[in-house]
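Numbered by our numbering, the letters in the sequence shown go through residues 575 to 784 in order.
Glycine included, each C-beta is placed from N, C-alpha and C at the ideal position.
Note that the structure is predicted; figures quoted are calculated from it, not measured.
Presented below is the structure to which this report refers.
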Amino acid sequence: MNLVFLGPPGAGKGTQALGVSEKYSIPHISTGDILRSEIKRGTKLGLEAKSYMDAGGLVPDEVVIGIVASRLQEADCQKGFLFDGFPRTIRQAEALAEKTTIEMAVNIDVPDEAIVNRLSGRRVCKACGATYHVDTFKGDVCSSCGGELIRRADDEPETILNRLHVYHEQTQPLIDFYGGRGVLVNVDGTKDIDTVFAEICRKLEEAFGA
Ligand code: AMP
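Quick look at the structure:
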C-alpha cells in the first residue's frame, strides 16, 4: 500500500495518517515531523529549514526530496508507506514518481474558513506531539504525558494565511496530478475524526481489499 495524503494544513492529515498507519501496519512518514525533529536537534538541515517553516513557506524541493529518498530506502518502507505532507509541489510529486508508484492519493478536503479556526486554536504537546484544540480541550498540560502545550510557531494567525496561500499556489495542483493518474480519492474532511477515518478505510478496502 503506497499512499500519499493531500489536503490543506490543518485538514487532519496527521491524525488520520497515524490511524491508517497503525491499522495497516505501514510507516507514517511526515516530512513536517522529520523537519521539526531536525530543528530540535539543531542540525544544519534543521537550521536551514527553520526560517522557511516559521514563515509558513515551503522548504526547498531538493532538501525535502533528499530526506524522502533516504527514508524510502529503509527496510520498513519495502511493504508500503504513507506520506503525510509530501509531496507538496509538482516537482516533489515527479521526483517521487521516479522512485516509486503511488497507488492512492487521499485528498482530505476542508474549506479555508474551517482551516483558519482549526489552526489558530490548535495546541501541541511539546513533549509527545499530541494535538488539541482550545474549543474542545480546556487543560493546560497534555492529558497523555503531562507535557507543556504550546502553539506551533507556524500556527500564528499571519503565518496560517501564508500557509494557505502557499497551499493553493503550490500543493492544490497535485489534486489534478494524481486525478490524471487515476489514483485520487476525495474525502470530506469537515466531518468528525471517526467519520473521516471510517471513510478513508472504506476507500482503502475498495481499492486494496484490505
Ligand atoms: P506540516 O507539519 O506538514 O504542516 O509541515 C510544516 C512545515 O514544514 C511546512 O509549512 C513547510 O514549511 C515544511 N514542510 C513539510 N513538508 C514539506 C514538503 N513536502 N515540502 C516543503 N516543505 C515542507
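Can you grab the Cα-Cα spacing for the pair PHE751 / ALA679, in whole Å?
10 angstroms
Is ASN785 near LEU758, with beta carbons less than 8 angstroms apart?
Since the first residue of the chain shown is 575 and the last is 784, residue 785 is not available in this structure.
Since ASN736 and ALA629 should fall inside the 8 angstroms C-beta cutoff, what is the C-beta to C-beta distance between them, to a whole number of angstroms?
7 angstroms
Does the contact criterion of 3 or more C-beta pairs under 8 angstroms hold for the region 716 to 726 versus the region 760 to 779?
no
Just to confirm, does SER604 get its C-beta within under 7 angstroms of one of the non-hydrogen atoms of the ligand AMP?
yes
Is it buried or exposed for SER604, if we count other Cβ within 10 angstroms and need 16 for buried?
buried
With DSSP collapsed to three states, give me the class of ARG776.
ARG776: helix per DSSP, three-state reduction.
I'd like to confirm the pairing. Which residues does DSSP put opposite ILE682 in its beta bridges?
For ILE682, which the question treats as bridged, DSSP gives the partners VAL761.
Measuring from the CB of GLN590, is there a heavy atom of the ligand AMP at a distance below 7 angstroms?
no
DSSP puts SER595 in a beta bridge; with which residues?
Answer by DSSP bridge pairing: none, since SER595 is not bridged.
For ARG725, which three-state DSSP category applies?
coil
What do you reckon, are the CB atoms on HIS602 and ASP683 nearer than 8 angstroms?
Contact: no.
Starting from the Cα of LEU693, find the closest Cα among ASP714, PRO661, ARG726 and give me that residue.
It is ARG726.
Within the continuous alpha helix (DSSP H) that includes ASP607, where are the two ends?
605 to 614
Out of GLN666, GLU648, PHE711, GLY616, state which residue places its alpha-carbon closest to the alpha-carbon of LEU632.
GLN666
Confirm, please, whether the CB-CB distance from GLY593 to PHE771 is below 8 angstroms.
yes
Using the Cα positions of ALA704 and GLY620, report the straight-line distance between them to the nearest angstrom.
Taking the straight line joining both Cα atoms gives about 21 angstroms.
Got a sec? Which residues, its chain only, sit under 6 angstroms from PHE579 by beta carbon, not counting five neighbours each side?
Cβ within range, chain order: LYS587, ALA591, ASP658, VAL680.
Which class does VAL708 belong to by DSSP, given the choice of helix, strand or coil?
Of the three classes helix, strand and coil, the one that applies to VAL708 here is coil, per DSSP.
Return yes when at least one heavy atom of the ligand AMP lies under 7 angstroms from the C-beta of LEU632, else no.
yes
Could you check if ARG615 is buried or exposed, using at least 16 other CB atoms within 10 Å of its CB as the buried criterion?
Exposed.
So is the beta-carbon of ARG615 under 7 angstroms away from any non-hydrogen atom of the ligand AMP?
no
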